[in-house]
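Working notes, structure below.
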Amino acid sequence: MNHISPTIWQFLVKWLTNFALFPPEASKIAPQMDALLFFMVLVSLIGLTIVVLLIVSFSILYNKKRHPVAVQVEGSTLLEATWTIIPLGLFLVMFVWGALIYFRVFTPPANSMNIYVVGKQWMWKAEHPGGQHEINALHVPTGRAVQVTLISQDVFHSFSIPAFRVKREAIPGRYTTVWFEATVPGTYHLFCTQYCGTNHSQMTGDIVVMTPEDFRKWLASSTSGASLAQNGERLFASLSCAACHNTRPDARGPNLAGVYGAKLPLASGGTVIADDAYLREAILNPSQHVTQGYAPIMPTYQGQISEEGVIALLEYIKNLDSDYRVQQTLNTTDLPPGSEGTAPAAAKAPASKGTVKP
Ligand code: HEC
Ligand SMILES: [Cu+2]
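Counting from 1, position 32 in the sequence shown corresponds to residue 43 in the numbering used here; the numbering is continuous, with no gaps.
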């Protein structure tokens, strides 16, 4: 290639290699998603071919030389019915097929392991239940459903992993979730796919997929010694939450043990399910929904706790036992399925927690 400048040549090669028009398939849902995509591309290509063939052959067959006098065709019910029913059938197949995948994509399995990810201008911060923090990186094991609970600290971001075929908005003030099960170890791109300001294009990261064995080693070597719930426990003490939420009979606040997933009666009438979103609101805007039987005395913590802090408090409240203690859970892969994640508190078995493998 001596007639192309080496700089341009290098640029082209780099661009083609990194452009990744078709990213690898590295999650369980990816081949299913691609099958639908290929089906749609195939149907479009067949349609395109039929239309082009008809245009070309009609313009040859019915040109002015062969047919100097135009003949009016009054229509054919059979032909019209055919070109209505066949495409309708094809589109319905796409719709049902797409809907089935959609439900799969939006319904995490009950035993999925939960990782929190906070988006902010311009980085992704991940928090593992074992207390491992990462910035612009996320380590996950193969063969395990992972649910990512997303929130943004400032503006809208979008958490996208093309190799897994998943993408979900990270929204300020609201938890959203996305789940996947990685299948092939390797390093894949993480992108922010929502324009979020000057350095949006640099809001990228690495998704590192490891075998369960390697992942366990990584967890053990990356922990600071305290789990996310334990960080929450510390925060709970330092913010004096325990002044009102404690086990004393004259406590001014409700007992928080077992509150996660419970149905709470409100002073304004009605009930709410104390899920992640509700507990976050209860901490940041306590006066919005006051629990029945209590005075609205809880101060607001808006602006005083970072999103990571709120996440640590949530994780603490989710894992509380009746003495306001949480146990060491540094290595989440060892937990039996169903003992963590988004399942309501009632479905959990706290006794099975706390297995730290050497
Ligand atoms: C001055 C006492 C006081 C302090 C300090 C306090 N709370 Fe509360 N908290 C309450 C009361 C009273 C309620 C029930 C009324 C309501 O919903 O606002 C409550 C409700 C809650 C709820 C909703 C669950 C339920 O059963 O109603 C959560 C979660 C909560 N507090 C967490 C915290 C956290 C975390 C902190 C520290 C960052 C904290 N609280 C600090 C008094 C307090
Ligand atoms: Cu962004």
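Note that beta-carbon positions come from the ideal geometry of N, C-alpha and C, so glycine has one too. Computed from a predicted structure; not experimentally measured.
| Asked | Found |
| --- | --- |
| Near ligand 1: N284 beta-carbon under 6 Å from a heavy atom | First, the amino acid is wrong: residue 284 is Ile here, not Asn. I284: no, Cβ never under 6 Å from ligand 1. |
| Residues sharing a beta bridge with C203, DSSP | F170 |
| Complete runs of the beta strand (DSSP E) confined to the stretch 73-139 [at least 3 residues] | 124-131 and 134-138 |
| DSSP-derived helix/strand/coil call for P347 | Confidence at P347 is low in this model, with a pLDDT of 41, below 50, so the placement of that residue is unreliable and no value is reported for it. |
| beta-carbon Y186 near ligand 1 non-hydrogen atom, thresh 6 Å | no |
| Environment of ligand 2 in chain order, Cβ to heavy atom below 5 Å | H168, C203, C207 and M214 |
| Sheet register partners of D217 (DSSP bridge) | A148 and H200 |
| Burial state of T222, where buried means 16 or more other Cβ atoms lie within 10 Å | exposed |
| P276 beta carbon near ligand 1 (any heavy atom closer than 6 Å) | no |
| Candidates L267, S232 and D261: closest to F247 by CA position | L267 |
| Extent of the continuous beta strand (DSSP E) run through S249 | No beta strand (DSSP E) contains S249, which is instead part of the alpha helix (DSSP H) from L239 to S249. |
| Residues near A354 by beta carbon distance below 6 Å, same chain, minus five either side | With a pLDDT of 37 at A354, under the threshold of 50, the predicted position of this residue should be treated as unreliable, though the coordinate-derived value follows. Taken in chain order, the residues that qualify are A121. |
| First through last residue of the beta strand (DSSP E) which encompasses E180 | V177 to A181 |
| Top-ranked residue by Cα proximity to T311, from L250, V82, F106 and V159 | L250 |
| Cross-strand partners of N274 (DSSP beta bridge) | The residue you asked about is not Asn; residue 274 is Lys in the sequence shown. In the DSSP output, where bridge partners are listed per residue, K274 has I284. |
| Three-state secondary structure assigned by DSSP to S235 | coil |
| Opening and closing residue of the alpha helix (DSSP H) in which I328 lies | E318 to N330 |
| Between the CA atoms of I284 and D345 - distance to the nearest angstrom | Since pLDDT at D345 reaches only 47, below the 50 mark, its modelled position is unreliable, and the value read off the structure follows with that caveat. Going by the C-alpha atoms only, they are around 29 Å apart. |
| Sequence-distant residues of the same chain with beta carbon closer than 6 Å to N147, five excluded per side | M134, W135 and G216 |
| Distance between K329 and E319 (C-alpha atoms, nearest Å) | 15 Å |
| T282 classed as buried or exposed, judged by whether at least 16 other C-beta atoms fall within 10 angstroms | exposed |
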